[in-house]
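Just below is one structure, and these are the notes that go with it.
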Amino acid sequence: MPRPREFDEEAALDAAMAQFWSHGYEATSVRDLATTMGLTSASLYNAFGDKRTLYERALERYVERGFRDRVRRFEHHMPPRDAIGAFFDEIIQLSVGDPHRKGCLIVNSAMELAPHDKQFHRALNGVLKDIEGFFQRCVSAGQKDGTISSDLDTADMAKTLLASLMGLRVLARVNPQRALLEGAARPVLAMIGVNPNARRARRRI
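Per the numbering used here, the sequence shown starts with residue 295, numbered consecutively.
Structure representation (structure tokens):
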């Protein structure tokens with residue numbers, strides 16, 4: 295019978311995600327990963343496969359804990375326009391509160407790996423399509439309940455929100471200042487009637 299694993303697989307995967315997130319794919323060696331995860335190289339390979347496979351699992355974990363968690367919390371428990379505002383609000387808060395300026399692992403992967411790796415390109419394109427789909431569903435639902443103007447093209451607005459979100463994440467790596475990020479998001483969110491400053495004021499009340 296195979297021996298049970300003598301380590302916390304979830305904690306080890308979190309450690310790998312943190313290593314890739316901080317240092318990138320190419321700059322992270324298997325030795326770095328083994329040290330960070332508290333494993334031998336042999337145990338790492340046995341449990342997670344090669345470096346590429348581990349990166350794919352770490353990225354999927356990041357997406358699940360980040361984007362998909364926000365969808366569950368916001369889309370299914372808030373009015374659609376508020377869900378979009380909350381999504382941007384949380385991204386700005388995370389960016390401002392990141393002292394190491396790690397940015398977004400999705401964006402980091404898109405910049406480092408997607409241009410020259412077809413498999414990662416397809417995987418990341420799927421994630422971006424999912425984010426765009428979230429925005430499109432929210433815009434469409436907001437148009438139906440009257441909180442978002444029906445004059446806006448639903449698909450185009452979803453793409454605009456996606457582009458703004460990705461731009462914010464890149465900008466935050468250089469200058470994660472709240473005023474700058476909110477100012478960059480404000481014109482786009484105003485198109486659907488969201489005021490980031492008003493949201494922050496309501497939280498203080």
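For glycine and all other residues, C-beta sits at the position ideal for the given N, C-alpha and C.
CA-to-CA distance, residue j to residue i, given in whole angstroms
| i | j | result |
| --- | --- | --- |
| S458 | M405 | 16 Å |
| S335 | T329 | 9 Å |
| A305 | L333 | 11 Å |
| A309 | L327 | 8 Å |
| S316 | K396 | 6 Å |
| F361 | S337 | 30 Å |
| G343 | F428 | 32 Å |
| V390 | L307 | 25 Å |
| R480 | H410 | 34 Å |
| D424 | C398 | 16 Å |
| T347 | L475 | 34 Å |
Cβ-based neighbour list, residue i, same chain, cut-off 7 Å, excluding 5 preceding and 5 following
| i | result |
| --- | --- |
| V401 | M460, R463, V464 |
| K453 | E426 |
| M331 | A306, A309, A310, L338 |
| G318 | N402, E406 |
| T322 | Q313, F314 |
First and last residue of the uninterrupted alpha helix (DSSP H) at residue i
| i | result |
| --- | --- |
| E426 | 412–439 |
| T330 | 324–331 |
| F251 | Coverage of the chain is limited to positions 295 through 499, which leaves residue 251 absent and any answer about it impossible. |
DSSP three-state assignment for residue i, whether helix, strand or coil
| i | result |
| --- | --- |
| N402 | helix |
| G461 | helix |
| F314 | helix |
| N469 | coil |
| K345 | helix |
| P374 | helix |
| V357 | helix |
| Y319 | coil |
Cut-off 8 Å between Cβ atoms - residues of its own chain near residue i, not counting five sequence neighbours on either side
| i | result |
| --- | --- |
| R325 | S335 |
| V482 | T454, L455, S458 |
Residues near residue i by beta carbon distance below 6 Å, same chain, minus five either side
| i | result |
| --- | --- |
| K345 | V324 |
| M451 | V433 |
Touch test, the region 346–365 against the region 441–455, Cβ-Cβ under 8 Å, three pairs minimum: no
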